[in-house]
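What follows is a single structure, written as structure tokens, with notes after it.
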Amino acid sequence: MFKTFIVGIVLGLAGAAAGLYLYPVVDQHRETSIVSVAPNGGNVESFHVNVPMDRILVGAPGQKRPLPTGMDWPADEVLQDVRVELFKIRNERDTVVGVASRTAAKDGSEDVIDWVLHLPARGSVYVNMRPEALQGGYRQGELRAGSREFDGLSGGMTERWVRGSSDEEDAPIGRIELVTAFVGVQEDT
């Protein structure tokens, strides 16, 4: 009788494991990545943010119209030179594929700008940008860390503001274009 009980528990656990494997509780949709291959063998992928539609949050001291409405930025002196924004990011097909945060702060006399892109089912990317814009309005940054699919990669990202050209009432005033270029790091053998 005891042996039958133990066999029943083992078979029940095996059946439950098989059921969860065949029919997962979470079946997260993954939008197909639009990746092109760079001449160096790396991957290039483009994203954009339609402003103001894709802006989720803006946090900065002394805002006239905070987003979300009613948000109070902490009065802490440490945060006086910090601006945080949270966006939905879109791929080249204009489909929302993740979220991104941009943090801008002053470190003494120098500006610090960081982006974190999170793509569900793929991972996250942390990029530190150079504060000065290059010719053409581009800002370049370097990949500092990545998780899951982006773990162990090196490369960078460019950021560029493109003013909107449509006169339609619900058209974006512009967009932030983000282009990532990553390559795998060669391991020493």
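Everything in the sequence shown is counted per this note's numbering, starting at 85 for the first residue and increasing by one. Even for Gly, the Cβ is constructed at its ideal location relative to N, Cα and C.
Between the beta-carbon of Lys172 and the beta-carbon of Val183, is there less than 8 Å? yes
Runs of 3 residues minimum, wholly inside the stretch 140-217: which ones carry the beta strand (DSSP E) assignment? 166-174, 180-191, 194-203 and 207-213
Could you give the distance in angstroms between the alpha-carbon of Asp156 and the alpha-carbon of Arg167? 13 Å
What's the C-alpha gap between Asn127 and Leu227? 13 Å
Would you list the one or two residues that DSSP bridges to Gly230? Val209
At least three beta-carbon pairs within less than 8 Å, the stretch 234-248 to the stretch 91-107: no
Excluding five sequence neighbours on each side, which residues of the same chain lie with their C-beta closer than 6 Å to the C-beta of Ser120? Val128
Measure the CB-CB distance between Ile257 and Gly268 and report whether it falls below 8 Å. no
For Val91, report the span of its beta strand (DSSP E) as first-last. Where Val91 is concerned, there is no enclosing beta strand (DSSP E), although the alpha helix (DSSP H) it sits in stretches over Phe86 to Leu106.
Residues of its chain near Leu203, where Cβ-Cβ distance is below 7 Å and the 5 sequence neighbours each way are ignored: Val181 and Gly182
Going by DSSP in three states, Ser238 sits in which element: helix, strand or coil? strand
Taking DSSP's pairing of strands, which residues face Asn124 in a bridge? According to DSSP, Asn124 bridges with nothing at all.
If you check the beta carbons only, do Val196 and Ala189 fall under 8 Å apart? yes
Can you check which of these residues, Pro152, Arg177 and Gly192, is closest to Asp165 by C-alpha distance? Gly192
Sorry if obvious, but does the Cβ on Gly192 come closer than 7 Å to a heavy atom of the ligand FAD? The ligand FAD is not among the ligands present in this structure, which contains no ligands whatsoever.
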